[in-house]
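What follows is a single structure, written as C-alpha cells, with notes after it.
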Amino acid sequence: ALNLKVGTPRWTAARQEAIYGKRWEQDVAALEAYNRDNKVEPMNRALKELGARAWLSGLRRVQASTRSRLEVVEQQKRTVKIHPIVDWSEKMIYEYLKKHDLPFHPFWEQGYVSVGDWHSSAPLGSGMTAEETRFGGLKRECGLHESSDQADWQI
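Sequential numbering of the sequence shown, starting at 614, is according to the working numbering.
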C-alpha cells in the first residue's frame, strides 16, 4: 500500500503573492526566496518529520547543464540522494514508458519538456533550450537540486 505524505508551504500562494507580489517574475533573488519558501523549506520539514535519511530522485544528466555531473549516489549534509535513472537518455525513457504501458505526461503534447509550477513553466518555443522553459530562463533549478546552503537538508 502506498503511504503518501503531502508537504505544503507554510503560507498559501495567495497570501505570498499579496505580501511579496509575483516573486517568480521579479528577479533571481526574489525567485530564489520563492523557491526556498515553496520547495526547499517544505522538503526540509518533510524529511525531518519523516526521519528520512535518503531521497530517491528522477534527475537525469541529460536534462540540464546543472545536472551534467550528478552521481548515482550523493551525500548532501545528512541526506543521501539517489539518482537511479541518472544515465537514462530520452530514448530509454520513451522505451520504458512503452514497454510498461505507462502514459506520457499530458503536458508533453502541449510542448512542455520540463514541468514545475504552473506559473514558472513554459512550453518549448522556437530557439529555446529546455533549460529556458523554467523560471523565465533565469535559472533551471528550484533549489531542491542545488548544492547551496538553502538546499542542504539538515535532519
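Beta carbons: idealized from backbone N, C-alpha and C, even for Gly. This one's a predicted model, so the numbers in the text were calculated from it and none came from an experiment.
According to the DSSP secondary-structure assignment, Glu-687 is paired through a beta bridge with Lys-694. Residue pairing from DSSP leaves Leu-617 without any beta-bridge partner.
One thing to note: Arg-674 has its Cβ within 8 angstroms of the Cβ of Asp-700.
Gly-750 and Glu-744 have their alpha carbons spaced roughly 7 angstroms apart.
With a cut-off of 8 angstroms on Cβ pairs, the region 679-693 is not in contact with the region 705-720, counting fewer than three such pairs. One Cα belongs to Leu-660, the other to Arg-666, and the distance between them is close to 8 angstroms.
Nearest Cα to Val-728 within the set Phe-748, Pro-716, Lys-712 and Lys-711: Phe-748. For the 8 angstroms CB-CB criterion, Leu-669 and His-758 do not form a contact.
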